[in-house]
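Numbering (UniProt numbering), first residue to last: 1 to 131.
Glycine is no exception: its CB is placed at the ideal position from the N, C-alpha and C atoms.
Treat the numbers as computed from the prediction; the structure is a model and nothing was measured.
What follows is a short report on a single structure.
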């Protein structure tokens, strides 16, 4: 085979695995730029969402109910995606409870566990970054 045709048949190699320091630097960059900015925007925009009695009142109207369902669907999808991303970090997946019979306490417990796991991963990465 001539060198030109070898160039087109060559399969690219996967990138080498990241070192712990590189992972920590990537996590630090994410947490200090895009993630923190997105969380600030989300926090500011969520102040306009009704809660409690107001939410139940507005939920009677299609103009509110449809976007609320869409937001709930996207949020659930994001939580499922985050839950199964554990193997990327060398952890077991935290499978989102998709059983319709799960109560609010079960869903809340899952969310608390995911939050604890995320904070623990961030703490480990931050400690590695400091070394």
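Rounded distance between the beta-carbons of residue j and residue i, thought under 8 angstroms
{"i": "residue 68", "j": "residue 59", "result": "7 angstroms"}
{"i": "residue 106", "j": "residue 93", "result": "Incorrect: roughly 17 angstroms between the Cβ atoms, too far for contact."}
{"i": "residue 125", "j": "residue 23", "result": "6 angstroms"}
Check whether residue i and residue j have beta carbons under 7 angstroms apart
{"i": "residue 192", "j": "residue 108", "result": "The question about residue 192 has no answer here: the residues shown for the chain are numbered 1 through 131."}
{"i": "residue 134", "j": "residue 71", "result": "The question about residue 134 has no answer, for the chain in this structure spans 1 to 131."}
Cutoff 7 angstroms; reference residue i; Cβ partners in own chain excluding five residues on either side
{"i": "residue 66", "result": "none"}
As assigned by DSSP and simplified to three states, the class of residue i
{"i": "residue 29", "result": "helix"}
{"i": "residue 60", "result": "coil"}
Sequence-distant residues of its chain with Cβ nearer than 6 angstroms to residue i (five each side left out)
{"i": "residue 110", "result": "97"}
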